[in-house]
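There are 2 protein chains.
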Amino acid sequence: MQKIRAAIVGYGNIGKNVLAALQAAPDFEVAGVVRRTSSLQSLSTELQGISVVDHISKLDRVDVAILCLPTRSIPGQAKEILALGINTVDSYDIHASIWELRQELASVAREYQAVSIVSAGWDPGSDSVIRNLFEAIYPQATTYTNFGPGMSMGHTVAVKAIPGVKKALSITIPAGKGKHNREVYIELEDGYDLEEVTQKIKNDAYFVKDNTQVTLVEDVGALINTTHGVHIIRQDETQSNTEYGLEFSMRINNPVLTAQVMVACARATMKARPGAYTMIEIPVIDMLYGNREELVRRLV
Amino acid sequence: MQKIRAAIVGYGNIGKNVLAALQAAPDFEVAGVVRRTSSLQSLSTELQGISVVDHISKLDRVDVAILCLPTRSIPGQAKEILALGINTVDSYDIHASIWELRQELASVAREYQAVSIVSAGWDPGSDSVIRNLFEAIYPQATTYTNFGPGMSMGHTVAVKAIPGVKKALSITIPAGKGKHNREVYIELEDGYDLEEVTQKIKNDAYFVKDNTQVTLVEDVGALINTTHGVHIIRQDETQSNTEYGLEFSMRINNPVLTAQVMVACARATMKARPGAYTMIEIPVIDMLYGNREELVRRLV
Chain Z
2 MQKIRAAIVG YGNIGKNVLA ALQAAPDFEV AGVVRRTSSL QSLSTELQGI
52 SVVDHISKLD RVDVAILCLP TRSIPGQAKE ILALGINTVD SYDIHASIWE
102 LRQELASVAR EYQAVSIVSA GWDPGSDSVI RNLFEAIYPQ ATTYTNFGPG
152 MSMGHTVAVK AIPGVKKALS ITIPAGKGKH NREVYIELED GYDLEEVTQK
202 IKNDAYFVKD NTQVTLVEDV GALINTTHGV HIIRQDETQS NTEYGLEFSM
252 RINNPVLTAQ VMVACARATM KARPGAYTMI EIPVIDMLYG NREELVRRLV
Chain Y
2 MQKIRAAIVG YGNIGKNVLA ALQAAPDFEV AGVVRRTSSL QSLSTELQGI
52 SVVDHISKLD RVDVAILCLP TRSIPGQAKE ILALGINTVD SYDIHASIWE
102 LRQELASVAR EYQAVSIVSA GWDPGSDSVI RNLFEAIYPQ ATTYTNFGPG
152 MSMGHTVAVK AIPGVKKALS ITIPAGKGKH NREVYIELED GYDLEEVTQK
202 IKNDAYFVKD NTQVTLVEDV GALINTTHGV HIIRQDETQS NTEYGLEFSM
252 RINNPVLTAQ VMVACARATM KARPGAYTMI EIPVIDMLYG NREELVRRLV
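One line per chain: the protein sequences are Z and Y, in this order. Residues in the first sequence are numbered consecutively from 2, following my numbering. Residues in the second sequence are numbered consecutively from 2, following my numbering.
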């Protein structure tokens, strides 16, 4: 079997988990890791024996690049890598601009005969597949996506950007029907007033619509927990029979699950025609390892 | 907008619900109903104004035929209709021979430039999509599919085939980890012994592995209830952290949900290349009504 050669671009929390997921997958081979500093001195033990470089062009025969980078740097990096004829997968998570990203990458991908799967995480990502399937098979109803409890990366980054915040953590608490409460834990810089900083957080666009509670703590790090979850429910609210309905829920390790979704989609890039796709546009069978005919026999 | 013209082939419980689902879908037009007796005398009120014929060739411009027939007659009917260049959808439910059906229909479909989606119900069908997605995003774990409580058509048919059984109903009760108990209700023909018939039911291939309870009742009809459900769970059983895992569950009206899945897949046949497919091979977005670009914007 010809293995799929995958490069990991960016080596933070997600990148480390992508490495583990690739090593556990029978059909993948790690082509290497791309990071800004490729000095061997800083290599952690799990990277021993793996090519670590500062540019993807220095790696041999890469089929697909898994972009484990901050969301804001995805569009530029993805375009550059697609232009080398290498497929890309990312977990770009700004819902409002996913469509624009897909359009931008689609033209580059088609020009260079490559495939890009965008927003391949759990939400956006596998949750999007669930919402789509629910709507297809149960058309007259309403879907609610309830997140948490769990750490929200996007909200945490928004709090950290507020002057006076030294460290921060934002936890999402589901409040039902797609509404959420926010529990924000912060450490303050010297000379800042808790009350003023709290007001700035509550007025931030990320928080202004939600019930937000801000708590000053001595050590934000002690509160870090990567467990997260989601509960998606679809019901026909015009019917009195609320017994009927569809539900999906999961409790997960957030970076572990994100990495697994990205690897599944890296596999799917090998089966699609040149272009850029979201997960709802990809047959789920293409995300699985194994012979297609045997998968149909086993899973249908 | 050019509407999709769908024919309903077979007009029992599923066919009636397919008619309702097509009439509720903004992108479909009912081309007509095909049934063995097309005599207008027996037409129920919901069929007034709809072409009812005894052969599909008598209907005008059919894009897709939705086969609401007993499973055993699906292969023959599907081949005949595909050979007219008309797409087909069925909810063929004998798990062990789905792959063979797909192979047989694939060659006819390709020859006549048509598309067939096989086993498009809820299990096999939408549950298969869930199982596939779960395995893709959470590879090291075990999936259990727990059905019910609800009436099982396959098991009911098996009981009815046993000599001495006048009427029957088999209810599936989930017993956890993919195991099921069976509650069988029967009316007896005169001259048969309950104990002997009970033993024959318990020794039947459909029941021999399950804990089965047989009860004699005066009126099986009074017990009929179309509510059914499923609970699919995927967990890594080697881990001590059983908090992590994925779950899907639904409670549904069985023929209503089956009909909705079939209509969603009838829509998807219009977007696939000639050939035969199971639901896991079809992008979920193709099952939805609406502009593709708007669906990506809204659902991802």
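Backbone N, C-alpha and C fix where the C-beta goes; we use that ideal spot for every residue, glycine too.
C-beta neighbour in chain Z for residue i, strict 9 Å
i	result
V285 (chain Y)	yes
G246 (chain Y)	yes
M1 (chain Y)	Not covered by the structure: residue 1 (chain Y). The range shown for chain Y is 2 to 301.
S127 (chain Y)	yes
A22 (chain Y)	yes
N88 (chain Y)	no
V35 (chain Y)	no
N254 (chain Y)	yes
V297 (chain Y)	yes
E30 (chain Y)	no
E238 (chain Y)	no
E294 (chain Y)	yes
Top-ranked residue by Cα proximity to residue i, from the options
i	options	result
V231 (chain Z)	Z:E30, Z:N242, Z:S153, Z:T72	Z:S153
I57 (chain Z)	Z:Q214, Z:G122, Z:I87, Z:F148	Z:I87
I286 (chain Z)	Y:G149, Y:V301, Y:R132	Y:R132
A260 (chain Z)	Z:K17, Z:G33, Z:D61, Z:K161	Z:K17
E248 (chain Y)	Y:Y113, Y:V116, Y:L134	Y:L134
T173 (chain Z)	Z:T228, Z:D61, Z:T243, Z:V10	Z:T228
V34 (chain Y)	Y:P150, Y:V63, Y:S127, Y:E136	Y:V63
L48 (chain Z)	Z:E244, Z:A8, Z:R111, Z:K167	Z:A8
G122 (chain Z)	Z:T46, Z:L85, Z:V19	Z:V19
E112 (chain Y)	Y:I95, Y:I233, Y:L85, Y:N255	Y:L85
T243 (chain Y)	Z:A277, Z:T243, Z:Y245, Z:N254	Z:N254
R36 (chain Y)	Y:Q24, Y:L68, Y:A25	Y:L68
A277 (chain Y)	Y:E190, Y:V262, Y:E238, Y:I99	Y:I99
I15 (chain Z)	Z:E219, Z:G291, Z:R6, Z:M263	Z:M263
E30 (chain Z)	Z:V185, Z:I51, Z:V116, Z:T72	Z:I51
I187 (chain Z)	Z:H181, Z:A176, Z:P175, Z:S171	Z:S171
D28 (chain Y)	Y:Y290, Y:R298, Y:S120	Y:Y290
R299 (chain Y)	Z:T144, Z:L23, Z:S250	Z:T144
D61 (chain Y)	Y:D94, Y:Q141, Y:I5	Y:I5
Residue i, DSSP secondary structure in three states
i	result
Q261 (chain Z)	helix
Q214 (chain Z)	strand
K281 (chain Z)	The sequence shown places Ile at residue 281 (chain Z), not Lys. Looking at I281 (chain Z) - three-state DSSP - the assignment turns out to be helix.
M152 (chain Z)	strand
S129 (chain Y)	helix
N147 (chain Y)	strand
A121 (chain Z)	coil
R62 (chain Y)	coil
H56 (chain Z)	coil
T199 (chain Y)	helix
T243 (chain Y)	coil
V209 (chain Z)	coil
P175 (chain Z)	strand
I99 (chain Y)	helix
D287 (chain Z)	helix
K272 (chain Y)	coil
R36 (chain Y)	coil
I225 (chain Y)	coil
L23 (chain Z)	helix
K4 (chain Z)	coil
Q49 (chain Y)	coil
S292 (chain Z)	It should be noted that the sequence gives Asn, not Ser, for residue 292 (chain Z). Reduced to three states, the DSSP call for N292 (chain Z) is coil.
Any chain Y beta carbon closer than 9 Å to residue i
i	result
V19 (chain Z)	no
A25 (chain Z)	yes
F249 (chain Z)	yes
T228 (chain Z)	yes
I95 (chain Z)	no
S225 (chain Z)	It is Ile, not Ser, that sits at residue 225 (chain Z) in the sequence shown. It does not; no Cβ of chain Y falls within 9 Å.
T130 (chain Z)	Before going on, a small fix: residue 130 (chain Z) reads as Val here, not Thr. By this cut-off, V130 (chain Z) is an interface position.
L68 (chain Z)	no
I306 (chain Z)	The structure shown has nothing for residue 306 (chain Z), since chain Z only spans 2 to 301.
L300 (chain Z)	yes
Contact list for residue i against chain C, beta-carbon separation under 9 Å
i	result
M288 (chain Z)	Absent from the structure: chain C. Protein chains present are Z and Y.
Presumed contact (8 Å Cβ cut-off) between residue i and residue j, rounded CB distance
i	j	result
I1 (chain Y)	A66 (chain Y)	There is simply no residue 1 (chain Y) to check, as chain Y begins at 2 and stops at 301 in what is shown.
G179 (chain Y)	T213 (chain Y)	Their Cβ separation, rounded to whole angstroms, is 17 Å, which puts G179 (chain Y) and T213 (chain Y) out of contact at 8 Å.
V302 (chain Y)	K80 (chain Y)	Here chain Y covers residues 2 to 301 and nothing more, so residue 302 (chain Y) does not appear.
T279 (chain Z)	V297 (chain Y)	5 Å
Within 7 Å of chain Z by C-beta, residues of the stretch 256–268 of chain Y in sequence order:
L258, Q261, V262, A265
Would you list, in chain order, the members of the stretch 137–154 of chain Z that have their beta-carbon closer than 8 Å to a beta-carbon of chain Y?
A137, I138, Y139, P140, Q141
Residues from the stretch 101–121 of chain Y in contact with chain Z, defined by Cβ distance under 9 Å
R103, Q104, V119, S120
According to a CB-to-CB cut-off of less than 9 Å, which residues of the stretch 154–185 of chain Z neighbour chain Y?
none
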